[in-house]
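So the protein sequences, as listed, match chains G, P, H and C.
Going by the numbering used here, the residue at position 358 of the first sequence is 348; the numbering climbs one at a time, nothing skipped.
Going by the numbering used here, the residue at position 383 of the second sequence is 373; the numbering climbs one at a time, nothing skipped.
Going by the numbering used here, the residue at position 35 of the third sequence is 37; the numbering climbs one at a time, nothing skipped.
Going by the numbering used here, the residue at position 141 of the fourth sequence is 143; the numbering climbs one at a time, nothing skipped.
Ideal Cβ placement from N, Cα and C applies to all residues, glycine included.
Because the structure is a prediction, the values reported are computed rather than measured.
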Amino acid sequence: MNKNIIYVDHAATTYVKPEVFEEMRPYFTDLFGNPSSIYSLGRESKKAIENARSQIAYCLGVHPTEIYFTGSGTEADNWAIKGAAYANRKKGKHLITSSIEHHAVLHCFQFLEKEGFEVTYLPVNEEGLINPDDLAKAIRPDTTLISIMFANNEIGTIQPIKELAAIAKEKGVIFHTDAVQAMGNIDIKAKDLNIDLLSMSAHKFYGPKGVGALYIRKGVRIDNFVHGGAQERNKRAGTENVAGVVGMAAALKLAYENLEEYNRHLRKLSDRFINSVMERIPYVRLNGNREKRLPGNVNLSFRFVEGESLLLMLDMKGIQASSGSACTSGSLDPSHVLLAIGLSHEIAHGSLRISFGERNTEEEVDYIVDNLVEIVGKLRQMSPLYEDFIKKGGQ
Amino acid sequence: MNKNIIYVDHAATTYVKPEVFEEMRPYFTDLFGNPSSIYSLGRESKKAIENARSQIAYCLGVHPTEIYFTGSGTEADNWAIKGAAYANRKKGKHLITSSIEHHAVLHCFQFLEKEGFEVTYLPVNEEGLINPDDLAKAIRPDTTLISIMFANNEIGTIQPIKELAAIAKEKGVIFHTDAVQAMGNIDIKAKDLNIDLLSMSAHKFYGPKGVGALYIRKGVRIDNFVHGGAQERNKRAGTENVAGVVGMAAALKLAYENLEEYNRHLRKLSDRFINSVMERIPYVRLNGNREKRLPGNVNLSFRFVEGESLLLMLDMKGIQASSGSACTSGSLDPSHVLLAIGLSHEIAHGSLRISFGERNTEEEVDYIVDNLVEIVGKLRQMSPLYEDFIKKGGQ
Amino acid sequence: MYSEKVMDHFMNPRNVGEIEDADGVGQVGNAKCGDIMKMYLKIENNVIVDVKFRTFGCGAAIATSSIATEMIKGKTVEEALKLTNKSVVEALDGLPPAKLHCSILAEEAVVAAIEDYKRRHGHEIEDAQQCPGCCGKCGSSRDE
Amino acid sequence: MYSEKVMDHFMNPRNVGEIEDADGVGQVGNAKCGDIMKMYLKIENNVIVDVKFRTFGCGAAIATSSIATEMIKGKTVEEALKLTNKSVVEALDGLPPAKLHCSILAEEAVVAAIEDYKRRHGHEIEDAQQCPGCCGKCGSSRDE
Ligand SMILES: Cc1ncc(COP(=O)(O)O)c(C=O)c1O
Ligand SMILES: Cc1ncc(COP(=O)(O)O)c(C=O)c1O
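1. Are there 16 or more other CB atoms within 10 angstroms of the CB of C/Pro15, so buried, or fewer, so exposed?
2. Just tell me which of C/Gly26, C/Pro98, C/Met39 has its CA closest to the CA of C/Asn48.
3. At a cut-off of 6 Å, would you count G/Ala241 as near ligand 4, judging by its Cβ distance to the nearest heavy atom?
4. Would you call the stretch 375 to 384 of chain P in contact with the stretch 279 to 289 of chain P, where contact means no fewer than 3 C-beta pairs closer than 8 Å?
5. Can you list the residues of chain C that G/Leu302 reaches, using a CB-CB cut of under 7 Å?
6. From this set, P/Ser325, P/Ala70, P/Ala77, which residue's C-alpha is nearest P/Glu298's C-alpha?
7. Please state whether DSSP places P/Ser319 in a helix, a strand or coil.
8. What are the start and end residues of each continuous beta strand (DSSP E) run of 3 or more residues lying completely inside the stretch 161 to 222 of chain P, in chain order?
9. Within a Cβ cutoff of 7 Å, which residues of the same chain sit near P/Gly23, ignoring the five residues on either side of it in sequence?
10. Run down chain H in chain order and give the residues with a C-beta less than 7 Å from the C-beta of P/Met173.
11. With 7 Å as the threshold, decide whether the Cβ of G/Leu375 is near any Cβ in chain C.
12. Measure from the alpha carbon of P/Ala240 to the alpha carbon of each residue in P/Ile46, P/Lys37, P/Ile(-4), P/Thr4, then state which is nearest.
13. Tell me, which residues are paired with H/Met39 by DSSP?
14. What's the call for P/Arg370, buried or exposed, on a 16-neighbour Cβ count within 10 Å?
15. If contacts are defined as beta-carbon pairs under 8 Å, then G/Ala155 and G/Phe165 qualify, I think. What distance do you get, rounded to the angstrom?
16. For P/Glu222, which residues of its own chain have a beta-carbon under 6 Å away from its beta-carbon, when the five flanking residues on both sides are left out?
17. Just checking, does the stretch 174 to 192 of chain P make contact with the stretch 104 to 115 of chain P on the three C-beta pairs under 8 Å criterion?
18. Relative to the alpha-carbon of P/Ile86, which residue among P/Asp(-1), P/Asp124, P/His53, P/Lys80 has its alpha-carbon at the smallest distance?
19. Does the stretch 268 to 279 of chain G come into contact with the stretch 298 to 307 of chain G, if we say contact requires no fewer than three beta-carbon pairs (one atom in each stretch) closer than 8 Å?
20. Can you list the residues of chain H that P/Ser299 reaches, using a CB-CB cut of under 8 Å?
21. At 8 Å on the CB atoms, spell out the chain P contacts of H/Ala108, in chain order.
22. Can you pull the chain H neighbours of P/Met190, defined as C-beta to C-beta under 8 Å?
23. Candidates G/Cys98, G/Tyr196, G/Tyr17: which alpha carbon is nearest P/Asp20's?
24. From which residue to which residue does the alpha helix (DSSP H) around P/Arg349 run?
25. Measuring only the C-alpha atoms, how far is C/Lys7 from G/Ser291?
26. Could you check where the alpha helix (DSSP H) with P/Tyr111 kicks off and where it finishes?
27. Quick one: does C/Glu6 have its CB under 7 Å from some CB of chain G?
28. Starting from the beta carbon of C/Glu72, find every residue of chain G whose beta carbon is closer than 8 Å, and list them in chain order.
29. Taking 7 Å as the CB-CB limit, is C/Ala90 close to chain G?
30. Can you check DSSP and say which residues form a bridge with G/Ile(-4)?
31. Would you call the stretch 213 to 231 of chain P in contact with the stretch 87 to 95 of chain P, where contact means no fewer than 3 C-beta pairs closer than 8 Å?
32. For C/Val90, which residues in the same chain have their Cβ closer than 8 Å to its Cβ, ignoring the five residues on either side in sequence?
33. Starting from P/Tyr376, trace the beta strand (DSSP E) in both directions and tell me its first and last residue.
34. Go ahead and label P/Glu406 buried or exposed: buried means 16 or more other beta carbons lie within 10 angstroms of its beta carbon, across all protein chains shown.
35. Examine chain G for any beta-carbon lying closer than 7 Å to the beta-carbon of P/Pro8, and answer yes or no.
36. Closest to P/Gly82 by CA distance: which of P/Glu251, P/Val232, P/Val163 is it?
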């Protein structure tokens, strides 16, 4: 094991499963027709896309005509949020989201604020949970859209989406959820949950990068985002990424088939990891809710230690993890999620996110913990904050 | 040959060349890291993307930091047009484009018109060429953007981009070109041509579907289109389609290496095809300019014949071509391009686009012509328009 | 896209051509929309004894014309007038939604030819619905 | 991302620790920004005879601290004051653009420690530039 790579950053991205890749493969060099073409090669691509659409719709418990393919989870978020905001701007210009959304959502709202919309950012408690009462109170007559992520990418917290969507429905407000992290981990039935719009991204559930989807419940008013050709029933232009779409559907199908077992596996690894770290390393905090969290997610804050140096040292041991969110390169702002749950800047800087996947093993968990013990110790010895802390008697 | 497929719709999409696919392959299952991640697997993806960027920039004769990856050619067009229009709206709200742009461009302008912009649609002559004087005259003090496609997807006409861009530069107006059809066929050096923004799409030059790029000349004011993460130097959010980007660069590199030979090959096939059809089938018109056209493009109008039935009968013979543009399924509007060059609805309906590619042969050309002779004859015998024409003495 | 039945009638259309001394001729659609159907009827003792068509149009247009001629051949004029676009679609094992207008056109072509027959033979005719030109409703854009 | 030199100094930092009876101690940066450098100097006859550091920060912060200590050890105070962030970056074979601020921090840490030394020994000090807290300029967001 030692010099091999231990990949524990599945929340950042996953590999394409070999069996998923095999399903994609013919669509590059052989079945390459444009789905808009009427001859046989085109019709085969069209069929592949429509099969993929049906498969995804089936998983989500919705109708195939309610699934639209996009070029990423981010594009799905942009479309949902800007599309719904603009389509309903005559009705009102007030929007609601949370303070712990992914940037793909937050930056859309910030853009809309500049364009004259008003946005309420709901707070979360110290575990990252939104209080449904806060949502109910925030809704105004001119509120047109609520966007709350299904599960958080950094701390893994799963929101009470059913309750939140029910409130939105009662008030007649469109409810969008960024389910990019949740898909493939949670059995989401969008219709039952009264979700109007839902975003997903294939590369988070062992599908390819560069393909996502937006579920748009029939009847929801939403403007187009990418204008052009008549693809996706005139709603999302651009020649379809046939191989990508086929891969996304194949990956989601596998995920839904193995959901329970996968959850059990991940939960076992996370529990072992959390318990073991808590036992062996002092001054550590588990971020997020212990139960209502993505099964493979562990987010820890190590006091006196800075996240990037922690990651780099883990990397030197072959352990590939993340500090809160994948791109910390060049970042001096600690994660807005960790700040939103009340962490100080100092502690937020020392956070580590481990996200387990299907191939991880208990041996790997133990190897990671052993190395963490050593690395955290080393970095603390190097840390002026730890020096102060000890000199002040360790309170 | 007979029962094999003869693919002559390379303007709709191309297969991924096997050697391009081989370069992409490792990035699905093995080198799958998120380019934003700082550990080795992430850094390798980052490096792959940056190499791809440099390769594409080199082909275009621009700096790598001026290339931005997108999820399609359509997205690149949307970004360029909406981004430039909005970023400069304080300066003015007048935009200029042509009447024969692809829908990815036209529909953006139609959207902007609804949002309060004013758009001038330049006419073209009967060969699809824009008159530079028309452009010069259309520019006003409040004009902020000109978007003229490099080469047309239906009739293959290549615009005098150098002249047009020079006019834009002189007047200080941003010049965008949709080069989706031109890339891989023409040696475009964007800097030398004074192009400010240029869109491309990989699947038109033997790369994968679902990945495109926008060249943004340094200093050009343009708003973001897809908001979210800090990818692409904070300009285009979304986890990068690493395999796709690698494939696009590999395909473009190959294209540039073989440009001359490829052009010669295509020109030989098109010439043979055009000459042979003209000789053997009466009442045919070649659309577009005979010289200033994409080398592989042939666009013909067969009087008294409707395009879809022509395509279907060709398909039954294994010949996969297009009628003006790929998606005629369900379309009753004849191509806006053919109408813009002055064709009547009736004649526009009978158009056929053949676009040759690297694997086509002269034998295939002959096979297509033989079948065309037969099919056009059969359809004319079935056509009430032909009946009228003959009864009226064939004038 | 198309059923086997449609493809069969498209590739091997029945009753193509014209009837020189037809008793009724009807033409519907227009070239602008991309569909023209012309139907020739030979009627004896109120029975359609022969029928031919010529169609300029897509695969569905040709197939619906072809099957419509089969469906009315041997029928009385009254029976032929009962031909509905729905029965044409069913006989073809379905049509794509964007192509349903073709079946309406076929129905209209039959009606137009029978009206012509009635007119020539002094019958009174009721107002018939005809495609008034391109309403744009039946399809959308072309892209790749 | 980082050069081999940076990784070497990061993984095997030189001169980590503290000097109990230091002649000058300087601390710059703050936890909010995610970078704190603390530098201890032992100075004899105007020469830096020993130097130690503790740093809370990213890989670049640790590496720049480490190399800065190497670069000033054995130098006179005046020579040490000439240490520039540029020379620190060069000695490390470069730093990613977003990490250049770390080299500035290293330069500032040296200055701060020397100022402390001077202050303790009655020298006058000029105004020094110090990172006034998180200006947000040196990096951007985190995404995946
Ligand atoms: C919660 C969440 N939303 C949106 C995204 C954006 O997805 P993508 O980068 O695939 O566009 C991500 C991950 O990147 C995410 O974790
Ligand atoms: C000229 C032109 N522009 C834009 C596009 C859009 O490219 P894509 O469908 O790959 O997004 C196409 C082809 O589809 C095209 O031919």
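The answer reads as follows:
1. buried
2. C/Gly26
3. Within the structure as shown, ligand 4 is missing, the only ligands being ligand 1 and ligand 2.
4. no
5. Phe12, Gly61
6. P/Ser325
7. At P/Ser319 the pLDDT is 43, less than 50, meaning the model places this residue with poor confidence and gives no usable figure here.
8. If only complete runs of 3 or more residues are kept, the stretch 161 to 222 of chain P shows the beta strand (DSSP E) at 164 to 168, 187 to 191, 202 to 206, in order along the chain.
9. Leu31, Gly32, Glu34, Ser35
10. None at all; the shortest Cβ gap to chain H is about 15 Å.
11. Cβ-Cβ to chain C under 7 Å: yes for G/Leu375.
12. P/Ile46
13. H/Val30, H/Thr57
14. buried
15. Correct: roughly 5 Å between the Cβ atoms.
16. Tyr58
17. The stretch 174 to 192 of chain P is not in contact with the stretch 104 to 115 of chain P.
18. P/Asp124
19. no
20. Phe12, Gly59, Cys60, Gly61, Ala63, Ile64
21. Within 8 Å Cβ-Cβ: nothing; H/Ala108 doesn't reach chain P, min ~14 Å.
22. Near P/Met190 there are no residues of chain H at all, since even the closest Cβ is about 15 Å away, more than 8 Å.
23. G/Tyr196
24. Counted as a single uninterrupted DSSP element, the stretch harbouring P/Arg349 is not any alpha helix (DSSP H), since DSSP gives it neither H nor E.
25. 29 Å
26. Not the alpha helix (DSSP H): P/Tyr111 falls in the beta strand (DSSP E), residues 108 to 112.
27. no
28. In chain order: nothing, as chain G lies at least about 16 Å away.
29. The question names Ala, but residue 90 of chain C is Val in the sequence shown. Output row for C/Val90: interface = no.
30. G/Ile309
31. Short answer: they don't touch.
32. Thr66, Ile69, Ala70, Met73, Ser105, Ala108, Glu109
33. It is not in any beta strand (DSSP E) - P/Tyr376 instead sits in the alpha helix (DSSP H) that spans 374 to 381.
34. For chain P, the structure presents residues -9 to 385; residue 406 of chain P sits outside this window and is missing.
35. yes
36. Per the C-alpha coordinates, the member of P/Glu251, P/Val232, P/Val163 positioned closest to P/Gly82 is P/Val163.
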